[in-house]
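Q: For reference, the structure I am asking about is given below.
Structure (structure tokens):
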């Protein structure tokens with residue numbers, strides 16, 4: 039029964055992804071979108087790819103910091119392999135959580151650690167990233183020249199410190215066993231999201247987009263927040279919808295906006311596909327020698 043329900047949810051998410059893609063392409067000139075992507079400057083695309091890889095490397099270090107607090111002393115090399123495999127699964131499995139579930143399964147199988155704690159650090163790892171996405175989105179939104187936001191600048195500004203305080207006390211109350219790495223994880227998350235913003239900046243440069251840079255970056259951050267919701271297969275469909283409506287709301291070119299999203303998806307796919315190596319070849323999890 040549980041297996042049937044799982045298959046049903048997967049089928050539903052595939053349908054949602056397909057519906058979102060169909061919806062977007064009925065709103066846009068598909069030929070123009072692909073033509074925009076095709077003309078991208080390869081030099082800037084390589085720089086975007088580089089910063090995306092950097093962001094994922096830092097994210098892997100952040101997760102390993104949580105593992106170490108659970109006395110799971112993975113070497114950074116082993117953790118990077120596991121993280122890359124997780125990215126591969128996230129790209130193709132529902133909601134972008136398949137890789138997280140697999141990492142939890144492997145860690146639980148290999149080490150003497152409570153399932154609840156493994157799940158908790160995987161969730162906290164995501165929430166730490168979500169916190170910085172929110173902070174950056176609010177911060178950049180304050181610099182947007184948009185009349186619809188002017189009346190909310192004070193609230194947006196206050197939301198930044200408030201979100202950090204709330205997240206800290208939630209960690210302290212429910213996840214005290216990993217509280218020692220709270221600020222380190224926040225710092226890693228700041229670097230992760232900054233590297234991804236630089237990645238998107240170079241995507242904009244590759245597509246020849248010189249205006250409204252800040253607005254496109256805010257849309258990207260919001261789309262990344264939406265991707266946390268497990269309603270589609272990986273990132274397919276949901277990011278494009280956010281980029282489309284973000285462009286409509288902010289008075290930007292919707293074709294260009296969706297082209298940015300598709301280019302970022304292309305870069306994500308290229309890097310994630312390297313994880314197939316560790317799908318074929320079983321990962322050996324090495325641990326640090328603790329004296």
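Numbering (this note's numbering), first residue to last: 39 to 329.
The beta-carbon is built from N, C-alpha and C at its ideal position, and this holds for glycine as well.
None of these values were measured; they are calculated from a predicted model.
1) Spell out the partners DSSP gives residue 325 in its beta bridges.
2) Run through DSSP, which three-state label would residue 233 get?
3) Which value, in whole angstroms, describes the spacing of the CA atoms of residue 187 and residue 172?
4) Measuring straight from C-alpha to C-alpha, what distance separates residue 112 and residue 81?
5) Counting beta carbon pairs with one atom in the region 236-247 and one in the region 149-163, are three or more of them shorter than 8 Å?
6) Could you give the first and the last residue of the continuous alpha helix (DSSP H) run that contains residue 78?
7) Which value, in whole angstroms, describes the spacing of the CA atoms of residue 87 and residue 284?
8) Tell me which same chain residues have a C-beta within less than 8 Å of the C-beta of residue 235, skipping the five on either side of it?
9) Under 7 Å Cβ to Cβ from residue 325, same chain only, skipping five residues before and after it: list those, please.
10) Can you give me the C-alpha to C-alpha distance between residue 100 and residue 137, rounded to a whole angstrom?
11) Are the CB atoms of residue 227 and residue 167 within a distance shorter than 8 Å?
12) Checking 8 Å against the spacing of the C-beta atoms, do residue 165 and residue 316 come in under that value?
13) Please report the straight-line C-alpha distance between residue 301 and residue 223, rounded to a whole angstrom.
14) At the level of alpha carbons, what is the spacing between residue 310 and residue 129?
15) For residue 312 versus residue 295, is the C-beta distance shorter than 8 Å?
16) What ranges does the beta strand (DSSP E) occupy inside the region 81-105, keeping only unbroken runs of at least 3 residues that lie completely in it?
A: The short version:
1) According to DSSP, residue 325 bridges with 112.
2) Here residue 233 sits in helix by DSSP.
3) Straight-line Cα distance between these residues: approximately 16 Å.
4) Straight-line measurement puts the Cα of residue 81 at about 36 Å from the Cα of residue 112.
5) Because the criterion of three Cβ pairs below 8 Å is not met, the region 149-163 and the region 236-247 do not touch.
6) Annotation for residue 78: no alpha helix (DSSP H) segment contains it, and DSSP assigns it neither H nor E.
7) Between residue 87 and residue 284, the C-alpha separation is close to 24 Å.
8) Hits under 8 Å: 174, 255, 258 and 259.
9) 111, 112 and 113, listed in sequence order.
10) Rounded to the nearest angstrom, the two C-alpha atoms are 16 Å apart.
11) Going by beta carbons, residue 167 and residue 227 fall inside the 8 Å limit.
12) Their beta carbons are not under 8 Å apart, which means residue 165 does not touch residue 316 by this criterion.
13) Between the alpha carbons of residue 301 and residue 223 lies a gap of roughly 28 Å.
14) For residue 310 and residue 129, the distance between alpha carbons rounds to 7 Å.
15) Going by C-beta atoms, residue 312 is not nearer than 8 Å to residue 295.
16) You should have found no qualifying run.
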